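J.: Line by line, the protein sequences are chains G and U. The first sequence begins at 692 in this note's numbering and counts up one residue at a time. The second sequence begins at 24 in this note's numbering and counts up one residue at a time. C-beta: ideal position from N, C-alpha, C; glycine also. As the structure is a computational prediction, the values presented were derived from the model and not from experiment.
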Amino acid sequence: MKRALERALRARSGPMTDEMVLAPARFGLGRLPARLAPAGVVDSVCGYCSTGCSLKIHVDGGGQALNLSANPDYPVNAGMACPKGWEALAPLAAADRATTPLLRGADGRHEPVDWERALLVFCAKLKQIQARHGPQSVAFLSTGQIVTEEMALLGALAKFGLGIVHGDGNTRQCMATAVTAYKESFGFDAPPYTYADFEESDTIVLWGSNLCIAHPILWQRIARNRRGAEVIVVDPRVTETAQVASVHVPLRPKSDLVLAYGLARALIERDGVARDFVAAHTAGFDDFARFVGAFTPERVRAETGLDEELLQRLVRALGRGRRVSYWWTMGVNQSHEGTRLAQALINLSLMTGNIGRPGTGANSITGQCNAMGSRLFSNTTGLLGGRQFESPEHRGQVARVLGLDEARIPATSGWAYDQILEGVEQGRIKGLWVIATNPAHSWIQQERARRILAQLDFLVVQDMYVSTETAQAADLVLPAAGWGEKEGTFINSERRIGCVRKVARAPGAALSDFAIFKLIAHYWGVGDLFSRWSSPEAAFQILKELSRGQPCDFSGVRDYAHLEARGGIQWPWRADESARGEPAAERRLFADGVFPAAGGRARFRFDPPRPMPETPAGPYPLLLLTGRGSSAQWHTQTRTAKSPVLAKLYPKHAYVELHPADAARLGIRDGARVEVRSRRGAATARAKLTAALSPGQVFMPMHYPETNRLTLWCVDPFSRQPAYKACAVTVVPREPADRRAKVNDP
Amino acid sequence: MNSPVDHFLTEQGRLQTPVARFAAAAPDVQEGFAQMIPLSVPLPGRQYAFEVDLDACTGCKACVAACHALNGLDEHETWRDIGVISGACGDEAFVQTVTTACHHCADPGCLNGCPVLAYEKDAVTGIVLHLDDQCIGCSYCILKCPYDVPKFNPRRGIVRKCDLCSGRLAHGEAPACVQACPTHAIRITTVAAGADSDCADFIAGAPDPAHTRPSTRYVTARVGLTWQDSAAGDAPAPESAHWPLAVMTTLVGMGTGCTAAAGFGPPALPRAELWLAGAAAGGIGLLASVAHLGRPLRAWRIFLGLRRSWMSREALLLALWAAAALAISGTLRVHDVARSWQWAAAAIGIAGLYSSAMIYIDTPRPAWAWRHTAPRFFGGAWVLAAAVVAAAAPAAARTAAIHCGAALAAKLAAELALLRPRAGVDNPWLRRSARLLLGPLRRLLAARIAGALAGAVLLAAAPQGLRIAGLALVALGEGLERILFFRCAAAPRMPGVAPA
């Protein structure tokens, strides 16, 4: 009786309860809500960062994505993903997707047009500009976010088909420094490591890398380290990573080069040099040793602000470690002397023989999901397959593989990103084609960058979204399919080639970038040149041929199915190796000490440090540092902002971190609205007080459009990568008398 | 294919089906998390609990997104929250991410407040379960939880929350957040349950754990952690206005005030009009309250929680009172209704009003403590009843206007006490209330004061015909007061968690 009453009065089951009930799903997925039970799973490499995690996309019977989870069987991420990966499908459904080509009408508004008209206008306008102002007057800006097959087709089409002279990618903003450093030091852009090196090291140096936030899944690999590794973090801020490190080295911003040279000197002094390795496999060590003689401990202390005890501890750790690995990210790359700094870390690894063995290496952690694909195949400032435009031999190889007249291949490399924008500013470039990137938000000194874009006669933006700051400024918008709506491959930080799969239909008339490039080739009248690029997978076979004989040779990879079956394959994997078996899951470079440089020797490269380009003083007494805000945000937020779940994981509005001592001096309370000003612009933000910075420094995350209003137009002279992380600013309260000051906080 | 554009558009629309591509069988077992969950169900006297290793958490927040994906939550729905706090450990600055979901408390506020018994604490596992098909969507559990755990789901009109992935744990699978943590910072453990539960070292900066005795264990090897008052830092956002509740509590105050005046007041008062006004205000108020329910058709169960829930008590008492008031005012000659009946009806109204106030007083929101809530609810009843008399009965108008003005002055003083939290005494959420009132809510506050003053002046000095406008202004001011009551009541949250 009582039970019957209880049953009548308390509804323990019903449609709402059923909705959440978990049932065993197949495919090793454990339990999932029954209504989301997949009919199959598709493995696809994530389209955000270069870690290259594999996601298991749960699909319905029609092959449409329902949900996803992290892939437990992939060597990179072993069943984990960061929030961006977990939410990878959400941005595809956003309301501001570009669904049709848009053409700016006479009234200045974007009008929908069909593809035929868009393509005719694209070709007519750009041809007209080229005819009037010469072939160099049209340029393109590409990306590290599209698949390698698309990147290569774009580069080949633009340079060999459309006769475009200058093209670059947004990888200039993240990886150019590492590329230049590796090329000069090793002879090829070859990050030597595999992620297992995180687990195999006994001493891990993270230099300018907030790994926990920027690459959370790589921190997972450190957490699995089996040698009780000492983790040393070199960063001016007490980042999340610095907090969990064994040693934090809070050097003064941009004193990195002095510290690195000082460490080299100290290691030489305490006989920490691997003489045999240096003699057998490197060149230029003696000059380097003489050069670093000037970096005495006194000088290092004075310029870095570090104390003797910490420096000694650092030297001891680097000298004592049997397996020391050096890892760097944007704190190194985005610097006015980034190339030399990256090479200073390479030098440390070479001189101590910490390369080519498990747990060692001078290792650049890449930013974007396909930065490495871009580095090898974007055909922008380097010729396809990691080659050089200047080399007749290289041009001949490419012409043969592509079946092209060699004369179509330019004999000079084009301009870098900053030079292209300056070319627009000087009136030398009149037409610009921007693919999957957002310079109106992401480029330094934003107001100038936007002014430059406005100067163009014709701006084409090819993007997933109509709402990006750059698409808003476009004369023609080409709607692109996004990650998950097309096929291809990415190459991650550790050189692993992995597949990206199509699991969703693109909205409206949006097309994959591959299809758009094919259509442009057709309408331009050069379709025949690219007839062999019939599909992404056909293009992959061309890429294999392009890689043949290069240090990045992956001619031994059979096809996408092979990549899928092996959990991705790292380059190199040559055809002759494949004849002997299958690649191991984790492989590193230079085990034999032979480098792809002249004489097989790696080279010590160095230069005297230079002062940062804008030192805080006078009306701008504070130094602005920039960087990643949270693991739930990505670049200019064109995609991550579309996920309501991710939006809960970071502050909605721009904020600036300030040291409490500076804040007290400036009369700024925690949470107050402030204005951050530099010589180039002003940004409003909320003040966030934290002792994680030193006095005199402020920090703003890069994801908010406000930040680059302040940054300085300054690039590394070798890599031409912008120096985002140091410029002089001041902070002033926005609300003259903060009302909340009246509330008596204790 | 007629044109290349058509060819590519067709190609773009084509998906490969799983059957076509994925014939390979995948293993059905899920491995690797056995060490992250207990081997068996908790022993008697113990319950399951989350254990969060604060030192291992690096702030990637994958737990939030994985919980969302693996539990199939709605687009905007998350069952895990993230707090980020800056602080110091000795001389070292640090930023700590605090991941937090339901704490499956030993004495759950949600369960104690639910008027329809839609919560239960599992006798074996100690998991606080929510019965989705029982829930009427009143959201009272959201107000009752000190940790802002239950979340309203607008699509379903009910509240939903973390159930510790009970469906996974029951089959030896790890909860979604545990599966997704790259550094294994979240695990499931067992802790003492019931009266033996110990929550003394919950986590610094959290609402007082003695209230509900949360089971989650936050573990750190660091000693001497201190952090900034997280509620002071971010820009304060007002809480929801709960307008049906604002309308309801204002009108019910007015109605019960009127019937109390009719029941207990001097004979000079216009009893018939007061009963009528009381019944009308009560009726409209109760109707408005239905708009606050996500699932009003299930509300007939509201009596189930009588033993514990002030909301059940309020609903029953006010329904009884409204019916009595309607009956009395419907009687053509009110004076014929026995005084004892009138007293009884008026007394039930006051008890209903008391229950109504207790609904809020019985939550962990400091802005709703007795000293802030009682003056508003009882003072409001007094003010509005006096205003009705002043507007409706010329004979008693003068005295009533004085009553109204005096009560308003006392009430305003009590309301404005929120602006001056006492340093060191009042907790951060009370300070946040003050910041809200002086910040984003300052215009509303000004309008509330203006309404009260203008209304009181009109009632006292205007000719009889205009006094009805005075009543309207006073009532408007009281309505605004109630909206402020809801909007400024900063909800306690876990350290560093920003309001949604």
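1. Might you give, ordered along the chain, the residues of its own chain that have their beta carbon closer than 7 Å to the beta carbon of A475(U), omitting 5 neighbours on each side?
2. Thinking C-beta only, is P389(U) closer than 9 Å to A513(U)?
3. Which residues in chain G have a C-beta closer than 7 Å to the C-beta of E501(U)? List them in chain order.
4. Starting from V275(U), trace the beta strand (DSSP E) both ways and give me its first and last residue.
5. State buried or exposed for H265(U), treating a residue as buried only when at least 16 other CB atoms are found within 10 Å of its CB.
6. Can you pull the chain U residues whose beta carbon is under 7 Å from the beta carbon of Q911(G), in chain order?
7. Does the distance from the C-beta atom of A1058(G) to that of M866(G) stay below 9 Å?
8. Classify P173(U) as buried or exposed, calling it buried when 16 or more other Cβ atoms lie within 10 Å of its own Cβ.
9. CA-CA distance, F979(G) and T1329(G)?
10. Between the Cα of T243(U) and the Cα atoms of A295(U), P289(U), Q119(U) and A473(U), which residue gives the shortest distance?
11. Which residues of the stretch 742-757 of chain G have a Cβ closer than 7 Å to any Cβ of chain U? Give them in chain order.
12. Among R210(U), D97(U), P237(U) and F225(U), which has the Cα closest to the Cα of V182(U)?
13. Less than 9 Å between the beta carbons of L482(U) and G280(U), yes or no?
14. Measure the alpha-carbon distance for A547(U) versus G372(U) and round it to whole angstroms.
15. For the alpha helix (DSSP H) that contains Y163(U), what are its first and last residues?
16. How would you list, in chain order, the residues of chain U whose beta-carbon sits under 7 Å from the beta-carbon of S900(G)?
17. Would you kindly work out how many angstroms separate the C-alpha atoms of G82(U) and W1019(G), rounded to a whole number?
18. Put F225(U) into one of helix, strand or coil per three-state DSSP.
19. For E1081(G), report the span of its beta strand (DSSP E) as first-last.
20. How many angstroms separate the CA atom of E100(U) from the CA atom of L696(G)?
21. Relative to chain G, which residues along the stretch 166-182 of chain U have a C-beta separation below 7 Å, given in chain order?
22. May I ask you to list, following chain order, the residues of the stretch 696-714 of chain G that have a beta carbon less than 8 Å from some beta carbon of chain U?
23. Which ranges does the beta strand (DSSP E) cover as unbroken runs of at least 3 residues, wholly within the stretch 1185-1265 of chain G, from first to last along the chain?
24. Against chain U, does V935(G) count as a neighbour if the rule is that its beta carbon must be under 9 Å from one of theirs?
25. Whose C-alpha, out of L1220(G), V1367(G), V1194(G) and A1098(G), is nearest the C-alpha of L757(G)?
26. Could you tell me which chain G residues have their CB closer than 7 Å to the CB of T81(U), listed as they occur along the chain?
27. Using a Cβ-Cβ distance cut-off of 9 Å, determine whether V151(U) contacts chain G.
28. Under 9 Å, do E890(G) and R912(G) count as touching if we go by C-beta distance?
29. Does E296(U) come within less than 9 Å of chain G when only Cβ atoms are used?
30. If we ignore side chains and look at the alpha-carbon of each, how far apart do F31(U) and V1151(G) end up?
31. Cα separation between V52(U) and M1393(G)?
32. Can you tell me which of W364(U), L316(U), W102(U) and G308(U) puts its alpha carbon nearest to the alpha carbon of V270(U)?
33. Do we get a CB-CB distance below 9 Å when we pair F509(U) with the residues of chain G?
34. Contact criterion: CB-CB distance below 9 Å. Does V1336(G) meet it with respect to chain U?
35. Going by C-alpha to C-alpha distance, which of L1384(G), D1361(G), M1063(G) and T790(G) sits closest to T742(G)?
36. Could you please tell me which residues of the stretch 308-338 of chain U, in chain order, have their CB closer than 7 Å to any CB of chain G?
T.: Let's see:
1. In the second sequence, the residue the question calls residue 475(U) occupies position 452. So the list reads L431, L435, V497 and G500, once near-sequence residues are dropped.
2. Position 490 of the second sequence, counted from the first residue, corresponds to residue 513(U). Position 366 of the second sequence, counted from the first residue, corresponds to residue 389(U). Cβ distance < 9 Å, so A513(U) and P389(U) count as in contact.
3. For the purposes of this step, residue 501(U) is identified with residue 478 of the second sequence, where counting begins at 1. Ordered by position in chain G, no residue passes the 7 Å Cβ test against E501(U), which lies about 25 Å from the chain.
4. By 1-based counting over the second sequence, the position of residue 275(U) is 252. It is not in any beta strand (DSSP E) - V275(U) instead sits in the alpha helix (DSSP H) that spans W266 to F287.
5. Here residue 265(U) refers to the residue found at position 242 of the second sequence. Buried: at least 16 other Cβ atoms inside 10 Å.
6. Numbered from its first residue, the first sequence carries residue 911(G) at position 220. Listed along chain U, the residues sitting closer than 7 Å to Q911(G) by beta-carbon distance are P205 and T206.
7. To locate residue 1058(G), count along the first sequence from 1; it is residue 367. To locate residue 866(G), count along the first sequence from 1; it is residue 175. Checking the displayed sequence, the identity of residue 1058(G) turns out to be Gly instead of Ala. Yes, they are a contact pair.
8. Taking the first residue of the second sequence as 1, we reach residue 173(U) at position 150. Around the C-beta of P173(U), 16 or more other C-beta atoms lie within 10 Å, and the residue is accordingly described as buried.
9. Translated into positions along the first sequence, residue 979(G) becomes position 288. Translated into positions along the first sequence, residue 1329(G) becomes position 638. The straight-line gap from Cα to Cα measures roughly 45 Å.
10. Taking the second sequence and counting its residues from 1, the one referred to as residue 243(U) is at position 220. When only C-alpha atoms are compared, the closest one is Q119(U).
11. V750, G752, G753, G754 and Q755
12. Position 159 of the second sequence holds residue 182(U). Per the Cα distances, D97(U).
13. Locating residue 482(U) in the second sequence gives position 459, where the first residue counts as 1. Locating residue 280(U) in the second sequence gives position 257, where the first residue counts as 1. For L482(U) and G280(U), no; Cβs fall outside 9 Å.
14. Only positions 24 to 523 of chain U appear in the structure, and residue 547(U) is not among them; the question remains open.
15. For the purposes of this step, residue 163(U) is taken as residue 140 along the second sequence, with counting starting at 1. Judged by DSSP secondary structure, Y163(U) falls within the alpha helix (DSSP H) whose first and last residues are Y163 to K167.
16. The count along the first sequence starts at 1 and reaches residue 900(G) at position 209. Simply none; closest approach about 13 Å.
17. Residue 82(U) sits at position 59 when you count from the first residue of the second sequence. Residue 1019(G) sits at position 328 when you count from the first residue of the first sequence. Rounded to whole angstroms, G82(U) to W1019(G) spans 20 Å at the Cα level.
18. Stepping through the second sequence from its first residue, residue 225(U) is reached at position 202. DSSP places F225(U) in coil when its eight states are reduced to three.
19. Position 390 of the first sequence, counting from 1, holds the residue named residue 1081(G). Premise fails: E1081(G) is in no beta strand (DSSP E) and is neither H nor E.
20. In the second sequence, residue 100(U) corresponds to position 77, counting from 1. In the first sequence, residue 696(G) corresponds to position 5, counting from 1. Approximately 34 Å, taken between the alpha carbons.
21. R179 and I181
22. L700, R701, A702, R703, S704, G705, P706, M707, T708, E710, M711, V712 and L713
23. As far as the stretch 1185-1265 of chain G is concerned, its whole beta strand (DSSP E) runs of at least 3 residues are 1187-1191.
24. In the first sequence, the residue the question calls residue 935(G) occupies position 244. Yes, V935(G) lies at the interface with chain U (some Cβ there is under 9 Å from its Cβ).
25. As a position in the first sequence, residue 757(G) is number 66, starting the count at 1. Ranking the options by Cα distance to L757(G), first place goes to V1194(G).
26. In the second sequence, counting from the first residue as 1, residue 81(U) sits at position 58. The answer, in chain order, is C903, P907, W910, E931 and V935.
27. Taking the first residue of the second sequence as position 1, residue 151(U) is located at position 128. With 9 Å as the cut-off, V151(U) does not count as an interface residue toward chain G.
28. On the first sequence, position 199 is the one that residue 890(G) refers to. On the first sequence, position 221 is the one that residue 912(G) refers to. A contact, by the Cβ cut-off of 9 Å.
29. Translated into positions along the second sequence, residue 296(U) becomes position 273. Chain G, which has no Cβ nearer than 9 Å to the Cβ of E296(U), makes this no.
30. Walking along the second sequence from the start, residue 31(U) turns up at place 8. Walking along the first sequence from the start, residue 1151(G) turns up at place 460. Cα to Cα, F31(U) sits roughly 20 Å from V1151(G).
31. Stepping through the second sequence from its first residue, residue 52(U) is reached at position 29. Stepping through the first sequence from its first residue, residue 1393(G) is reached at position 702. Low confidence applies to V52(U): its pLDDT is 49, below 50, so where it sits in the model is not reliable enough to give any reading.
32. Within the second sequence, residue 270(U) is the residue found at index 247, counting from 1. That would be G308(U), whose Cα lies nearest to the Cα of V270(U).
33. Counted from its first residue, the second sequence places residue 509(U) at position 486. So no, F509(U) is outside the interface.
34. Sequence index remark: in the first sequence, residue 1336(G) carries index 645 (1-based). Yes, because at least one Cβ of chain U sits closer than 9 Å to the Cβ of V1336(G).
35. Within the first sequence, residue 742(G) is the residue found at index 51, counting from 1. Among L1384(G), D1361(G), M1063(G) and T790(G), the Cα nearest to that of T742(G) belongs to M1063(G).
36. R324 and L327
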